Amino acid sequence: MKPNWRSITGSRILDLLTLFVVFAFLFPYLFMVSSAFKSRLETFAYPPVFLQFTPTLEHFDNIFSDMNILFYMKNSTIIAVCSTLLTILIAIPATYSFARFRFRNKEGIAYGFLFLQMVPGISIVFALFFIARALDLFDTHIFLIFVYLLWNVPYAIWMMRGFVEGIPVELEESAMVDGASRFKAFRLITLPLMAGGVAATAILIFIGVWNEFSLAFFLTSTNARTMPTTIAFFMTHSGIKWGPMFATATIGTLPVVVFALLVRRYFISALTFGAVKG
């Protein structure tokens, strides 16, 4: 058979376009990482130096010795992990209720949760600030975790609802006919089958909390300060400290990048499972 040159040409063009889009998105990150290893003079060089420079660790030495960057990494880890776990624990039974039970105004309540996702956190951050001060919870891990639950729980319910509805209810009914309680049928049948959806939701929530800036910036000062908020340390009266800022950003994004690479296959398979019902 003769090769279909039109199809091959279209495929090559599509591949080149895909590579261009990927490079366009990756370029700022690659530039940031490379700049973290440049000297101060090379950081301010114009035109920018991309490959012709001698790597140095001076910026990393500065942030580890002067900033105690591990302290902020610890805060981000505590808040992201606790927020993700609590969100999943709360959202799983709520999601099951919306997917399996009938009650008054069920869809109205579900869309009410969706409405909460449309409220930008920055719009109520000052109200949250005064609440935190009144309860003596300002600059604490507990309050920041609670605040993130306000957005993450509705998001998790909407995210996992499709996974639960995609599991045939007949499987649970068969287990209950054999004598299992509804809770036992959920625990032994539904929960394992929705594990992919739970994992996908947990991954997105963890990344979102880890990268969140505005709420953490206004609701913390010292003790619970997270990694993204440390960017303010490099904006001084004498100028912006680009080198240490790039080094801090590189370290701050490294756990998320490594985590995403490790779970990417499981994450994609989970989303694919959630897209198919029945």
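Take any residue in the sequence shown, count from 1 to its spot, add 743: that is its number in my numbering. Glycine is no exception: its CB is placed at the ideal position from the N, C-alpha and C atoms. Here the structure is a predicted model, which means the values were calculated and not measured.
Judged by DSSP in its simplified three-state form, M978 adopts strand. Within the stretch 930-993, complete alpha helix (DSSP H) segments of at least 4 residues are found at 938-954, 957-962, given in chain order. By the Cβ neighbour-count rule, A779 is buried, with 16 or more other Cβ atoms within 10 Å of its own.
A straight line joining the alpha-carbon of I865 with that of W953 spans about 17 Å.
A distance of 7 Å or more separates the beta carbons of A945 and V896. About 17 Å separates the beta carbons of G986 and M970, which is beyond the 8 Å limit, so they are not a contact pair.
Going by beta carbons, A875 and F886 fall inside the 7 Å limit. As the crow flies, the alpha-carbon of T830 is around 7 Å from that of A899.
Relative to G940, the option among F956, P798, T761, T838 whose CA is nearest is T838. Note that the C-beta distance between I910 and L936 is below 7 Å. The beta carbon of W901 sits closer than 7 Å to the beta carbons of F856, L857 from its chain, once the five residues preceding and following it are set aside; these are given in chain order. The Cβ atoms of A928 and A943 do not sit closer than 7 Å to each other. According to the DSSP assignment, K927 belongs to the alpha helix (DSSP H) that extends over 925-928. I983 sits away from T827, with the two beta carbons spaced by 7 Å or more. With fewer than 16 other Cβ atoms inside 10 Å of its own Cβ, T965 counts as exposed. For the options V792, P790, S782, the alpha carbon positioned closest to that of E801 is the one of S782.
Between A990 and V764, the alpha-carbon positions lie close to 25 Å from each other. Nearest in C-alpha terms to Q860, of all of L892, L962, F841, is L892. DSSP places D882 outside both helix and strand once states are collapsed to three, so it counts as coil. Across the set E908, I806, F961, the C-alpha of F961 shows the shortest separation from the C-alpha of F869. The continuous alpha helix (DSSP H) containing L859 extends over residues 849-861.
DSSP assignment within the stretch 890-926 yields the following whole alpha helix (DSSP H) runs of 4 residues or more, N-terminal first: 912-920. In this model, F768 and F872 are separated by some 35 Å (Cα to Cα). Put simply, the backbone Cα of A842 is about 10 Å away from that of V912.
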